[in-house]
Each structure stands twice: as C-alpha cells, then as structure tokens.
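Novice: Start counting the sequence shown at 1044; every next residue gets the next number (the working numbering).
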Amino acid sequence: LGSHTIPVNDPGALSPRGVATMIRDFIVALGLSDVTLVGNDTGGGLCQLVIDAYPDQIGRLVLTNCDAFDKFPPFPFTLVFALLRGPISIKLLFEQMRIKALRHSPLGFGLLVHPDAQLTASWLEPCRTDARIRRNLATLLRNVAKTDLMDVSTRLGRFTKPVTIVWGQSDRAFTPALGRRLAALFPNAALIEVPEARTFVSLDAPAAVIDAIATVGASA
C-alpha cells in the first residue's frame, strides 16, 4: 500500500491475487514449507487469498485485525481508497498527510493504532517521494474489488490447519464482531481478544502477537 521502496515492474502482479501469488513465490524461492503465515490489516486479507489458492504451502495461520468478508476495506477507508486510484490524487493527498493532525485523523492512521508521529510519517514517505511507488499503489487499488474476500470466505472452512485470530478490541474499523465472525469460519481456530488494542495489534500489544505466533508454531 505504498510503503515499499522497490517498485514493482509487472503490472499483472498489482492486484490482491497477484500479491498473494508473490507471497507464494517468495515461500517457494526460499525453499520453505509448512510455514506460519501472519497477516494484519490488508495483509490479513492477502493471507486469506494465499490459503485459498495455495493451502499446501501453509502450515498454520495467525491473523490480527484485518479485512474480511465485504470489509475490503472497511469504512471510512472506502473513501480513502477511492481517492487513491490515480498517481496525481495520491501525491496531493500524501502531501497533505505531512500534517500530523491529518495523518493521525480517522482518514489516516488514527483508527488503526495509537500513533507515533515519526513512524506514521515513514510509512508514507516512499509513496510521497517516488512516482513509481505512487503508480504501483494506484494500480493495486484499482484492482481491489469488495467481492474478492466474500468469494474466498465461502471456502475458508476448507483450511483445517491451526488458525489463531488475535483481535484488538478497541478497533472501530475492524470491529470485534468481525473478528468473531472470521474465527467462526475455521474448523481449527482459536480467538484471542486483546483489550485496548486497535488494528495494528503488533504495535499496540506486541507481546500478545508474539505469544500467539509461538504457541501456534508449537503445533507443528
């Protein structure tokens, strides 16, 4: 979503399913198998696409607050995504996001994490300063369809390997109810509810995510 520093040259890779294939290709290139896949926010939606298309590569799954069902993305980020489908509009908006108050508003990172100003600025820097990254982001967002994860959700029950859902309970975008609904789809799932954490649980409550990864990893 525009924080990468090396531009993607293949436009065909710039879709949710294309990125899911890149994740699979990365696993294969490293010669890995039975991996623990961890996803957050949009990355959690990508993980759902990975286990749907390439379940044999994945040994277990950890999802924190993330896109699911028709929340791809959830409100109010539907408005933001609609504005970010062209490089010019991205540049204009990201320049405005240099203002901390706007960057930490509900249309920025304010709903997602207890924000650190230096950290949130660094997330926007590649896209703000590199036209190639802006073009990548615009192409990707034009290829995001609200129905992508609805389709996948009908098949998530086929993934019978261990799944741990670590869900921040103070999230107004990816609500606690969404986490419970997602956990209910998997036949071998554990739900861990994390008080006071928002979307970026790994920043708000890192110990909870570390413990979940270690515990599900021990199920190998």
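For glycine and all other residues, C-beta sits at the position ideal for the given N, C-alpha and C.
Are the CB atoms of Ile1256 and Val1081 within a distance shorter than 8 Å?
Specialist: Within the sequence shown, numbered from 1, the residue matching residue 1081 stands at position 38. Within the sequence shown, numbered from 1, the residue matching residue 1256 stands at position 213. Yes, the Cβ-Cβ distance between Val1081 and Ile1256 is below 8 Å.
Novice: For Glu1239, does the three-state DSSP call read helix, strand or coil?
Specialist: Within the sequence shown, the letter at position 196 stands for residue 1239. Here Glu1239 sits in coil by DSSP.
Novice: Relative to the C-alpha of Phe1115, which residue among Gln1161, Cys1170, Gly1088 is closest?
Specialist: Numbered from 1 along the sequence shown, position 72 holds the residue referred to as residue 1115. Measuring from the Cα of Phe1115, the nearest candidate turns out to be Gly1088.
Novice: Thr1064 lies in the alpha helix (DSSP H); which residues open and close that run?
Specialist: Numbered from 1 along the sequence shown, position 21 holds the residue referred to as residue 1064. Per DSSP, the unbroken alpha helix (DSSP H) holding Thr1064 starts and ends at 1059–1072.
Novice: Measuring CB to CB, does Pro1117 end up less than 8 Å from Phe1217?
Specialist: Translated into positions along the sequence shown, residue 1117 becomes position 74. Translated into positions along the sequence shown, residue 1217 becomes position 174. Against a cut-off of 8 Å, the Cβ pair of Phe1217 and Pro1117 comes out as a contact.
Novice: Please go through the stretch 1164–1212 and give each complete alpha helix (DSSP H) segment of 4 or more residues, from N-terminal end onward.
Specialist: Listed in chain order, they are 1174–1185, 1191–1196.
Novice: Would you grab the beta carbon distance between Val1237 and Ser1245 for me? Rounded to a whole angstrom, and I think it's under 8 Å.
Specialist: Numbered from its first residue, the sequence shown carries residue 1237 at position 194. Numbered from its first residue, the sequence shown carries residue 1245 at position 202. With a Cβ gap of about 10 Å, Val1237 and Ser1245 do not count as contacting.
Novice: On the three-state DSSP scale, how would you describe Arg1128?
Specialist: Translated into the one-based positions of the sequence shown, residue 1128 becomes position 85. Three-state result, Arg1128: coil.
Novice: With a threshold of 7 Å, establish whether the CB of Asn1231 neighbours any heavy atom of the ligand MG.
Specialist: Because no ligand of any kind appears in the structure shown, any question about the ligand MG cannot be addressed here.
Novice: Using only alpha-carbon positions, find the residue among Ala1174, Pro1249, Thr1107 that is nearest to Val1051.
Specialist: Along the sequence shown, one-based indexing puts residue 1051 at 8. Val1051 has its Cα closest to that of Ala1174, out of Ala1174, Pro1249, Thr1107.
Novice: Quick check: the stretch 1090–1097 against the stretch 1062–1075, are at least 3 beta-carbon pairs closer than 8 Å?
Specialist: yes
Novice: Quick check: the Cα distance between Val1259 and Leu1234, rounded to an integer number of angstroms?
Specialist: Here residue 1259 corresponds to residue number 216 of the sequence shown, with the count starting at 1. Here residue 1234 corresponds to residue number 191 of the sequence shown, with the count starting at 1. Spanning the two alpha carbons is a distance of roughly 12 Å.
Novice: Look up Val1078 in the DSSP assignment and give the residues it is bridged to.
Specialist: Reading the sequence shown from its first residue, position 35 is the one you call residue 1078. Looking at the DSSP output, Val1078 shares a beta bridge with Ile1101.
Novice: State the Cα-Cα distance for the pair Arg1201 and Phe1124, rounded to the nearest angstrom.
Specialist: What you label residue 1201 is simply residue 158 of the sequence shown in a count that begins at 1. What you label residue 1124 is simply residue 81 of the sequence shown in a count that begins at 1. Distance between the alpha carbons of Arg1201 and Phe1124 is about 31 Å.
Novice: Which residues in the same chain have their Cβ closer than 7 Å to the Cβ of Lys1189, if we skip the five residues on either side of it in sequence?
Specialist: For the purposes of this step, residue 1189 is identified with residue 146 of the sequence shown, where counting begins at 1. Contacts found: Asp1113, Phe1115.
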